[in-house]
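Participant: Chain order of the listed sequences is R and C.
Take 1 as the starting number for the first sequence in full-length UniProt numbering and just add one per residue.
Take 1 as the starting number for the second sequence in full-length UniProt numbering and just add one per residue.
Note that CB positions come from ideal geometry on N, CA and C, so glycine has one too.
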Amino acid sequence: MALTVLRKYWPFYVMLLPGVLFYLIFRYFPMYGMVIAFKDFSMMDGILHSPWANPWYKHFETFYQSPYFGELLRNTLLISLYKLVWGTIPPILLALLLNECRIRWLRTVVQTLTYMPHFLSWVIIFGILIALFSQNGGIVNRWIVEAGGSSFPFLTSTQTFRSVLVGSEVWQNLGWGAIIYLAAMAGIDPTLYEAARVDGAGRFRMIWHITIPGIRSVIVLLFILKLGHLLDAGFDQIYILYNIQVYPVADILDTWVYRTGLQQLNFSLASAVGLFKSLIGMALVLFANNVAKRWGEGIW
Amino acid sequence: MVKGLEDRLFNVFVYAVLVFCALLAIFPILYVVSVSITPFGEVLRNGGFILIPRDVTFSAYKTLLTQSNLPQAFKITVLITVVGTAVNLILTGLMAYPLSRKNLPGRRIFLLMIVFTLIFSGGLIPTYLIVKSVGLIDSIWAMILPNAIWSFNVLIMKSFFEGLPEELFESARIDGAKEFRILFQIVTPLSIPVIMTIGLFYLVGHWNEFFQAIFYVTDRTLFPLQVIVREILMQSQQTLENADNITPTQTLQMAAVMIASLPVLVVYPFIQKYFTKGMLLGSIKG
Numbered sequence: 001m002a003l004t005v006l007r008k009y010w011p012f013y014v015m016l017l018p019g020v021l022f023y024l025i026f027r028y029f030p031m032y033g034m035v036i037a038f039k040d041f042s043m044m045d046g047i048l049h050s051p052w053a054n055p056w057y058k059h060f061e062t063f064y065q066s067p068y069f070g071e072l073l074r075n076t077l078l079i080s081l082y083k084l085v086w087g088t089i090p091p092i093l094l095a096l097l098l099n100e101c102r103i104r105w106l107r108t109v110v111q112t113l114t115y116m117p118h119f120l121s122w123v124i125i126f127g128i129l130i131a132l133f134s135q136n137g138g139i140v141n142r143w144i145v146e147a148g149g150s151s152f153p154f155l156t157s158t159q160t161f162r163s164v165l166v167g168s169e170v171w172q173n174l175g176w177g178a179i180i181y182l183a184a185m186a187g188i189d190p191t192l193y194e195a196a197r198v199d200g201a202g203r204f205r206m207i208w209h210i211t212i213p214g215i216r217s218v219i220v221l222l223f224i225l226k227l228g229h230l231l232d233a234g235f236d237q238i239y240i241l242y243n244i245q246v247y248p249v250a251d252i253l254d255t256w257v258y259r260t261g262l263q264q265l266n267f268s269l270a271s272a273v274g275l276f277k278s279l280i281g282m283a284l285v286l287f288a289n290n291v292a293k294r295w296g297e298g299i300w
Numbered sequence: 001m002v003k004g005l006e007d008r009l010f011n012v013f014v015y016a017v018l019v020f021c022a023l024l025a026i027f028p029i030l031y032v033v034s035v036s037i038t039p040f041g042e043v044l045r046n047g048g049f050i051l052i053p054r055d056v057t058f059s060a061y062k063t064l065l066t067q068s069n070l071p072q073a074f075k076i077t078v079l080i081t082v083v084g085t086a087v088n089l090i091l092t093g094l095m096a097y098p099l100s101r102k103n104l105p106g107r108r109i110f111l112l113m114i115v116f117t118l119i120f121s122g123g124l125i126p127t128y129l130i131v132k133s134v135g136l137i138d139s140i141w142a143m144i145l146p147n148a149i150w151s152f153n154v155l156i157m158k159s160f161f162e163g164l165p166e167e168l169f170e171s172a173r174i175d176g177a178k179e180f181r182i183l184f185q186i187v188t189p190l191s192i193p194v195i196m197t198i199g200l201f202y203l204v205g206h207w208n209e210f211f212q213a214i215f216y217v218t219d220r221t222l223f224p225l226q227v228i229v230r231e232i233l234m235q236s237q238q239t240l241e242n243a244d245n246i247t248p249t250q251t252l253q254m255a256a257v258m259i260a261s262l263p264v265l266v267v268y269p270f271i272q273k274y275f276t277k278g279m280l281l282g283s284i285k286g
């Protein structure tokens, strides 16, 4: 039996081989490697031979009792929530306006230009932010000074840093985020609009009573799925933009894991925090997907 | 009549906001371009608000291209982009094609293996230890292999393959073609749209490569563009207090930003439609 299967399908298994090796080495071995969260890891002994931590939850306890715990969790959740709200509403509004735009070339131009920032790396956006907001060379501060105010360190102040994070993310993804809502709007039955027009509805009423209800399920679905990633506040962006002055408001679980693990070589403590994050993240994703399923469709 | 006026006002509002959004997206980029090619004295005289510079100088670019390690980093980035994208596409395709054959025994297990990595991961530290123990630290491959396959792209490609007509495979088999030949000579040419979209996603990913390098590479000659550009940006952040020093630096910084983003900005308008298609493909099928 097994032999006939093999004879018939072996080319497919050969094709799968490189990919399976990739998943085993770079995705599944690291999951096994998480045991170092329960060990006193030393580079010399390696993952297998390092001694077990005593008690086994030592590193988790250290983290839980450390002053970072509250701060990291608060920063992670707050930044994530701000991004959730600001990453949802503006793209919907842009999609609504694009959908109402009757001049085709204007629509194309606006789409092309607003999608573009999505392809710029965070390093590039960091450069743009320096050009706009840095205290000495930034154009915004020069305007403020010219208007008689005094310059403000937007990029290094704990008061403004989260706004910089959220604002730059909105700038990067405004147009890109609108694509999916536009697609949903394209799927709305046009006869609904005709019927409404016959009944004397204005443009605004049609948006309110037809377009928005028409994309409601997509909005809810995306929102729920994003909720599943509440602990991913955006490592890439924060790591590239932050600086030591704003750690109190910007340091999140992921950036802390990076600094503690790879920079201070405290591998076990860092993996304990990483495991904590992965487990809660998994629970959130599964929960979000279950709720999303109830709304029609999950991701799998 | 009132209706017509209301409609026109509404249109004006829509167009105004859309134009504003477009300007908001493009203005910062244009400003960076302008700072990078304007002599700094000029920037100061005009209060820094120049979109079309009167005096153009490419001295900042010249300095960067001759007196920094930017050219070396550029070479590395081109290398990992070309090699990396090729590796990505081959591995993703080889993974996706068998999984699109519905009668393949064990298909569900392989799919589960992929989907599970979407919801749970080993995290940074254990991954680092694995990359280290397979000896990739400080090599080009450290920036290619650990992310050789994006699970989501496998799923997109798989559903594209599933859409190909079954008769195609049957007739090819009757004509005596073996599976590898079917994949490379029949399936691949028919899959150009999905290969283009996914290839472009991988391509941009590699061009913007930053973190694999930060994690796994310490050899400065292997640093890609984004890492070097961030260093250039950080350097003068530190000298911020020293205002005299800032003058030439900002021009240099913005020139570095332009060198790292120019390829994306130039190519982008031509390939934009593929991305949009790919995004929809992903969101509908994913």
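Can you give me the C-alpha to C-alpha distance between C:LEU94 and R:LEU132, rounded to a whole angstrom?
Facilitator: Mapped onto the second sequence, residue 94 of chain C falls at position 94. Mapped onto the first sequence, residue 132 of chain R falls at position 132. Their backbone Cα atoms lie some 45 Å apart in a straight line.
Participant: Tell me which residues share the same chain as C:ASP138 and place their Cβ nearer than 8 Å to its Cβ, disregarding the 5 neighbours each side in the sequence.
Facilitator: In the second sequence, counting from the first residue as 1, residue 138 of chain C sits at position 138. The residues are TYR216, VAL217, THR218, ASP219 and LEU222.
Participant: State the beta-bridge partners of R:TRP52 as determined by DSSP.
Facilitator: Within the first sequence, numbered from 1, the residue matching residue 52 of chain R stands at position 52. DSSP lists R:LYS39 as partners of R:TRP52.
Participant: For R:LYS293, which residues of its own chain have a beta-carbon under 6 Å away from its beta-carbon, when the five flanking residues on both sides are left out?
Facilitator: The sequence position of residue 293 of chain R within the first sequence is 293, counting from 1. Cβ within range, chain order: n/a, list empty.
Participant: Compute the Euclidean distance between the alpha carbons of C:GLY4 and R:ARG197, then round it to the nearest angstrom.
Facilitator: For the purposes of this step, residue 4 of chain C is taken as residue 4 along the second sequence, with counting starting at 1. For the purposes of this step, residue 197 of chain R is taken as residue 197 along the first sequence, with counting starting at 1. One C-alpha to the other measures close to 13 Å.
Participant: Run through DSSP, which three-state label would C:LEU168 get?
Facilitator: As a working note, residue 168 of chain C is residue 168 in the second sequence. Three-state DSSP puts C:LEU168 in a helix.
Participant: Using DSSP with H/G/I as helix, E/B as strand and the rest coil, what is C:LYS277?
Facilitator: The residue you call residue 277 of chain C lines up with position 277 of the second sequence. Three-state result, C:LYS277: helix.
Participant: Does the beta carbon of C:VAL78 come closer than 8 Å to any beta carbon on chain R?
Facilitator: If you number the second sequence from 1, residue 78 of chain C lands on position 78. For C:VAL78, the answer is no, since every Cβ of chain R falls outside 8 Å of its Cβ.
Participant: Which residue's Cα is closest to the Cα of C:PHE210: C:VAL187, C:ALA260 and C:LYS178?
Facilitator: By one-based count along the second sequence, residue 210 of chain C stands at place 210. Among C:VAL187, C:ALA260 and C:LYS178, the Cα nearest to that of C:PHE210 is on C:ALA260.
Participant: Classify R:MET44 as buried or exposed, calling it buried when 16 or more other Cβ atoms lie within 10 Å of its own Cβ.
Facilitator: On the first sequence, position 44 is the one that residue 44 of chain R refers to. Result: exposed.
Participant: In or out: C:ILE149 buried (at least 16 other Cβ within 10 Å) or exposed?
Facilitator: As a first step, residue 149 of chain C must be located in the second sequence, where it is residue number 149. Buried is the call here.
Participant: Taking Cβ-Cβ distances shorter than 8 Å, what residues in chain R pair up with C:MET254?
Facilitator: By one-based count along the second sequence, residue 254 of chain C stands at place 254. By Cβ distance, chain R contributes GLY127 and ALA131.
Participant: Closer than 8 Å, CB to CB, is R:PRO51 near chain C or not?
Facilitator: For the purposes of this step, residue 51 of chain R is taken as the residue at position 51 of the first sequence. With 8 Å as the cut-off, R:PRO51 does not count as an interface residue toward chain C.
Participant: Please list the partners that R:ALA270 has in chain C, where partner means a Cβ-to-Cβ separation under 7 Å.
Facilitator: On the first sequence, residue 270 of chain R is found 270 positions in, with the first residue counted as 1. Neighbours of R:ALA270 on chain C, chain order: ILE125.
Participant: Does the distance from the CB of C:LEU225 to the CB of C:PHE74 come in under 8 Å?
Facilitator: Looking up residue 225 of chain C in the second sequence gives position 225. Looking up residue 74 of chain C in the second sequence gives position 74. Going by C-beta atoms, C:LEU225 is nearer than 8 Å to C:PHE74.
Participant: When the Cα of R:TYR13 is compared with those of C:LEU104, C:ALA25, C:GLN67 and C:PHE27, which residue comes out closest?
Facilitator: For the purposes of this step, residue 13 of chain R is identified with residue 13 of the first sequence, where counting begins at 1. Among C:LEU104, C:ALA25, C:GLN67 and C:PHE27, the Cα nearest to that of R:TYR13 belongs to C:LEU104.
Participant: At least one CB of chain R closer than 8 Å to the CB of C:GLU6: is that the case?
Facilitator: Translated into the one-based positions of the second sequence, residue 6 of chain C becomes position 6. Yes, contact with chain R.
Participant: Beta-carbon of C:MET95 versus every beta-carbon of chain R: anything under 8 Å?
Facilitator: The sequence position of residue 95 of chain C within the second sequence is 95, counting from 1. By this cut-off, C:MET95 is an interface position.
Participant: Quick one: which residues of the segment 216-232 of chain R get their C-beta closer than 7 Å to a C-beta of chain C? List them in chain order.
Facilitator: Per Cβ criterion, the list is empty.
Participant: For R:THR211, is the classification buried or exposed, using 16 other Cβ atoms within 10 angstroms of its Cβ as the cut-off for buried?
Facilitator: Within the first sequence, numbered from 1, the residue matching residue 211 of chain R stands at position 211. Under this definition R:THR211 is a buried residue.
Participant: Just the chain A side, please: which residues come within less than 8 Å of C:ILE137 by C-beta, in chain order?
Facilitator: The structure shown contains no chain A; its protein chains are R and C.
Participant: Please list, in chain order, the residues of the segment 162-185 of chain C that have any C-beta partner in chain R closer than 8 Å.
Facilitator: For the segment 162-185 of chain C, which is checked against every Cβ of chain R, the residues closer than 8 Å are LYS178, GLU179, PHE180 and LEU183.
Participant: What are the residues in the segment 38-72 of chain R lying within 7 Å of chain C by C-beta distance?
Facilitator: Hits within the stretch, in order: ILE47.
Participant: Are the C-beta of R:PRO11 and some C-beta of chain C separated by less than 8 Å?
Facilitator: Along the first sequence, one-based indexing puts residue 11 of chain R at 11. Output row for R:PRO11: interface = yes.
Participant: Give me the chain C residues within the contact set of R:GLY187, using Cβ-Cβ distance strictly less than 8 Å, ordered along the chain.
Facilitator: Here residue 187 of chain R refers to the residue found at position 187 of the first sequence. Neighbours of R:GLY187 on chain C: none; closest Cβ ~10 Å, over 8 Å.
Participant: Could you spell out where the alpha helix (DSSP H) holding R:SER271 opens and where it closes?
Facilitator: Sequence index remark: in the first sequence, residue 271 of chain R carries index 271 (1-based). Looking at the DSSP string, the run of the alpha helix (DSSP H) that includes R:SER271 is 267-294.
Participant: Using C-beta distances below 8 Å, list every residue in its chain close to C:PRO53, excluding the 5 sequence neighbours before and after it, in chain order.
Facilitator: As a working note, residue 53 of chain C is residue 53 in the second sequence. So the list reads SER34, ILE37, THR38 and GLU42, once near-sequence residues are dropped.
Participant: Report the neighbours of R:ILE124 on chain C: residues whose CB is nearer than 7 Å to its CB, in chain order.
Facilitator: The residue you call residue 124 of chain R lines up with position 124 of the first sequence. Near R:ILE124 (Cβ distances below 7 Å), the residues of chain C are VAL257, ALA260 and SER261.
Participant: Counting pairs of beta carbons, one from the segment 110-120 of chain R and one from the segment 9-24 of chain C, are three or more of them closer than 8 Å?
Facilitator: Touching, yes, given that three or more Cβ pairs across the two stretches are closer than 8 Å.
Participant: Please decide whether C:ILE130 counts as near chain R, where near means a Cβ-Cβ distance under 8 Å.
Facilitator: Residue 130 of chain C sits at position 130 when you count from the first residue of the second sequence. By this cut-off, C:ILE130 is an interface position.
Participant: At the level of alpha carbons, what is the spacing between R:TYR9 and C:ARG107?
Facilitator: Reading the first sequence from its first residue, position 9 is the one you call residue 9 of chain R. Reading the second sequence from its first residue, position 107 is the one you call residue 107 of chain C. Each residue's Cα considered, the two are about 11 Å apart.
Participant: For C:ASN245, does the three-state DSSP call read helix, strand or coil?
Facilitator: Locating residue 245 of chain C in the second sequence gives position 245, where the first residue counts as 1. Interpretation of C:ASN245 is limited by its pLDDT of 45, a score under 50 that renders its predicted location unreliable; no figure is taken from the coordinates.
Participant: According to DSSP, simplified to helix, strand and coil, what is C:ILE140?
Facilitator: Looking up residue 140 of chain C in the second sequence gives position 140. Helix at C:ILE140.
Participant: Scan the segment 190-220 of chain R for residues whose Cβ lies nearer than 8 Å to a Cβ of chain C and list them as they occur along the chain.
Facilitator: Going along the segment 190-220 of chain R in chain order, one finds GLY202, ARG203 and PHE204 with a Cβ nearer than 8 Å to chain C.
Participant: Beta carbon of R:PHE119, beta carbon of C:VAL204: below 8 Å?
Facilitator: Residue 119 of chain R sits at position 119 when you count from the first residue of the first sequence. Residue 204 of chain C sits at position 204 when you count from the first residue of the second sequence. Result yes, Cβ atoms of R:PHE119 and C:VAL204 sit closer than 8 Å.
Participant: Shortest alpha-carbon distance to R:THR255 belongs to which of R:PRO18, R:THR76 and R:PRO190?
Facilitator: Start at 1 with the first residue of the first sequence, and residue 255 of chain R comes out as number 255. Of the listed residues, the one whose Cα sits closest to R:THR255 is R:THR76.
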